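**Q** My structure is below; once you've seen it, I'll send some questions.
There are 2 protein chains.
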Amino acid sequence: MAEYNPIPLVSAAEQFARLPGIGMKTAQRLAYFILNQPVEDVERFSSEILKARKSVHCCNVCQNFTDTEKCSICNDDKRDKSLICVVEAPKDVSAMERAGGFNGVYHVLHGLLSPMDNIGPNDIRIAELMKRLSGDVREVIMATNPTVEGETTSSYISRMIKPLGIKVTRLAYGLPAGSALEFADDVTLQRALENRNEL
Amino acid sequence: MAEYNPIPLVSAAEQFARLPGIGMKTAQRLAYFILNQPVEDVERFSSEILKARKSVHCCNVCQNFTDTEKCSICNDDKRDKSLICVVEAPKDVSAMERAGGFNGVYHVLHGLLSPMDNIGPNDIRIAELMKRLSGDVREVIMATNPTVEGETTSSYISRMIKPLGIKVTRLAYGLPAGSALEFADDVTLQRALENRNEL
Chain H
1 MAEYNPIPLV SAAEQFARLP GIGMKTAQRL AYFILNQPVE DVERFSSEIL
51 KARKSVHCCN VCQNFTDTEK CSICNDDKRD KSLICVVEAP KDVSAMERAG
101 GFNGVYHVLH GLLSPMDNIG PNDIRIAELM KRLSGDVREV IMATNPTVEG
151 ETTSSYISRM IKPLGIKVTR LAYGLPAGSA LEFADDVTLQ RALENRNEL
Chain E
1 MAEYNPIPLV SAAEQFARLP GIGMKTAQRL AYFILNQPVE DVERFSSEIL
51 KARKSVHCCN VCQNFTDTEK CSICNDDKRD KSLICVVEAP KDVSAMERAG
101 GFNGVYHVLH GLLSPMDNIG PNDIRIAELM KRLSGDVREV IMATNPTVEG
151 ETTSSYISRM IKPLGIKVTR LAYGLPAGSA LEFADDVTLQ RALENRNEL
């Protein structure tokens, strides 16, 4: 945005452009949008976002986001604490909970091992996971994404856990529901074949 | 976002989802992003946006956004005040200025006539334009978008201005630069033909 635009407008657009997936053009559109909203709405927008950043932190057990000391899942007596599902990020907890069918607890790594990006074991919450693996835990389910980094992280962690005598499992690979064989990539198809189930 | 997410996180996502073109999924992603940013960055984000809303208002001459009484274009002695380019929105001023080649001043309508949406002449800044049309103005260039609403607004305003003896013009229709005949729509091609220029 050039010099004929008021500086506060340019600054607001620059702030929007810092958000992921929002380019300068969209950021300008958002800045213009903000100018047309009632002041109270913009005040609420501004304060709610800052409040989220200030009040939300990581659960001191599972590392998922929470605004209380322990997150609502870790606090829930009905959840099975002996079953830990390890995921990359809080959004994966949302995905699992949305899907339903899991009644254990989570552990959020906040990242994946990635030697290319210089992310090692100490940069993600592996130590916090190891600390949780007392005698009560019977199974750790690795639910990192089926990518190179996800696989690396999953096998690294499983190698650390196995000596403790705790069962480590991995989410199944296979065809996504509702998909078609003809559109499945080779690796997916090979794995669906390898992991075929008896009917 | 469901009940296992902390309320401030859900609220932040809801605020992002109020922005145009941002659905609930992207809003959640933005809320997660915010939680991973340094507090100072989020404070700046939050305050710059609120500041833009509070300090930016409409220029009392051309109605474009400004944080001073008169905008920088209306204040510029080198701009030709006798030539007024009428546009729908502040973003159109940006587009014109970016393109260059115009040395007059602007008038921002902040909307277009649209009977379907119940937007009449009193809902956009037509009265403010008429007030500016003193003896000094020699030409008004209608630069509303080439849409039904843009055309309607353009011809409505030109009918109001013509009796004052001021020249009213309209941006040319034709083929966009760099385009191809085969992809031009019928109306564009017809108009490019009608308005052909002698070489």
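The listed protein sequences derive, respectively, from chains H and E.
Mapping of the first sequence onto the numbering used here: residues 1 to 199, in sequence order.
Mapping of the second sequence onto the numbering used here: residues 1 to 199, in sequence order.
Quick reminder that beta carbons are idealized off the backbone N, C-alpha and C, glycines included.
Model, not experiment: these values are computed from the prediction.
(1) Pull the bridge partners of residue 142(E) from the DSSP assignment, please.
(2) In the segment 26-68 of chain H, which residue ranges form an unbroken beta strand (DSSP E) of at least 3 residues, counting only runs that do not cross its ends?
(3) From residue 199(E) to residue 101(E), what does the alpha carbon distance come to, in whole angstroms?
(4) Spell out the partners DSSP gives residue 107(E) in its beta bridges.
(5) Would residue 31(H) and residue 52(E) be called neighbours here (beta carbons separated by less than 8 Å)?
(6) What does residue 75(E) touch in chain H if you count any residue whose Cβ is under 7 Å from its own?
(7) Would you mind reading off the limits of the alpha helix (DSSP H) that contains residue 208(H)?
(8) Of the residues that make up the segment 11-36 of chain E, which ones have a beta carbon closer than 9 Å to any beta carbon in chain H?
(9) Who are the neighbours of residue 60(E) on chain H, taking C-beta pairs under 9 Å?
(10) Check distances from the C-beta atoms of the segment 105-128 of chain E to those of chain H and list, in chain order, the residues that come in under 7 Å.
(11) Cβ of residue 138(E) less than 8 Å from any chain H Cβ?
(12) Would a C-beta distance cut-off of 8 Å place residue 156(E) and residue 129(E) closer than the cut-off?
(13) DSSP has residue 119(E) in a bridge; who is on the other side?
(14) Should residue 66(E) be flagged as near chain H, meaning a C-beta pair shorter than 8 Å?
(15) Could you pull out every residue in the same chain whose Cβ sits closer than 7 Å to the Cβ of residue 145(E), ignoring the five residues on either side in sequence?
(16) Would the beta-carbon of residue 125(H) fall within 8 Å of that of residue 108(H)?
(17) With H, G and I counted as helix, E and B as strand and the rest as coil, what does DSSP make of residue 81(H)?
(18) For residue 7(E), report the span of its alpha helix (DSSP H) as first-last.
(19) Chain H beta carbons: is any one of them nearer than 8 Å to that of residue 5(E)?
(20) Please report whether the beta-carbon of residue 143(H) lies at a distance below 8 Å from any beta-carbon of chain E.
(21) Quick one: what does DSSP say residue 182(E) is sitting in, helix, strand or coil?
(22) CB-CB under 7 Å to residue 170(H), same chain, minus the five flanking residues each way: which ones, in chain order?
(23) Quick one: is residue 63(H) buried, meaning 16 or more other Cβ sit within 10 Å of its Cβ, or exposed?
(24) Looking at residue 65(E): is its Cβ nearer than 8 Å to the Cβ of residue 20(H)?
(25) Using the Cα positions of residue 70(E) and residue 4(H), report the straight-line distance between them to the nearest angstrom.
(26) Round the Cβ separation of residue 22(E) and residue 42(H) to the nearest angstrom and send it over; I've been treating them as touching at under 8 Å.
(27) Which term fits residue 96(E), buried or exposed, when burial requires 16 or more other beta carbons within 10 angstroms of its beta carbon?
**A** Well, looking at it:
(1) DSSP lists 86(E), 170(E) as the bridge partner or partners of residue 142(E).
(2) For the segment 26-68 of chain H, not a single whole beta strand (DSSP E) run of length 3 or above is found.
(3) Answer to the nearest angstrom: the Cα atoms are 22 Å apart.
(4) Beta bridge pairing from DSSP links residue 107(E) with 86(E).
(5) Residue 31(H) is a Cβ neighbour of residue 52(E), given a cutoff of 8 Å.
(6) Those within 7 Å of residue 75(E) in chain H number zero; the least Cβ separation is about 10 Å.
(7) Since the first residue shown for chain H is 1 and the last is 199, residue 208(H) is missing from the structure and cannot be characterised.
(8) Listed in sequence order: 11, 12, 13, 14, 15, 16, 18, 19, 20, 21, 22, 26, 28, 29, 30, 31, 32, 33, 34, 35, 36.
(9) Going along chain H, no residue has its Cβ under 9 Å from residue 60(E), so there is no contact; the nearest lies around 14 Å.
(10) For the segment 105-128 of chain E, no residue has a beta-carbon sitting nearer than 7 Å to a beta-carbon of chain H.
(11) So no, residue 138(E) is outside the interface.
(12) Contact flag unset, no.
(13) When DSSP reads this structure, residue 119(E) sits in a beta bridge with 114(E).
(14) Answer yes: the Cβ-Cβ gap between residue 66(E) and chain H drops below 8 Å somewhere.
(15) Counting only Cβ-Cβ distances below 7 Å, and skipping sequence neighbours, we find 88.
(16) For residue 125(H) and residue 108(H), yes; Cβs fall inside 8 Å.
(17) Strand at residue 81(H).
(18) In this chain, the alpha helix (DSSP H) harbouring residue 7(E) covers 7-17.
(19) With 8 Å as the cut-off, residue 5(E) counts as an interface residue toward chain H.
(20) Chain E places no beta carbon closer than 8 Å to that of residue 143(H), leaving this residue out of the contacts.
(21) Here residue 182(E) sits in helix by DSSP.
(22) Excluding positions up to five away in sequence, the list reads 142, 154.
(23) Here residue 63(H) is buried, its C-beta having at least 16 other C-beta atoms within 10 Å.
(24) Not in contact: residue 65(E) and residue 20(H) (Cβ atoms no closer than 8 Å).
(25) Near 11 Å, if we compare the C-alpha coordinates of residue 4(H) and residue 70(E).
(26) By a beta-carbon distance limit of 8 Å, residue 22(E) does not contact residue 42(H). Their separation comes to about 15 Å.
(27) Residue 96(E) counts as buried, since no fewer than 16 other beta carbons sit within 10 angstroms of its beta carbon.
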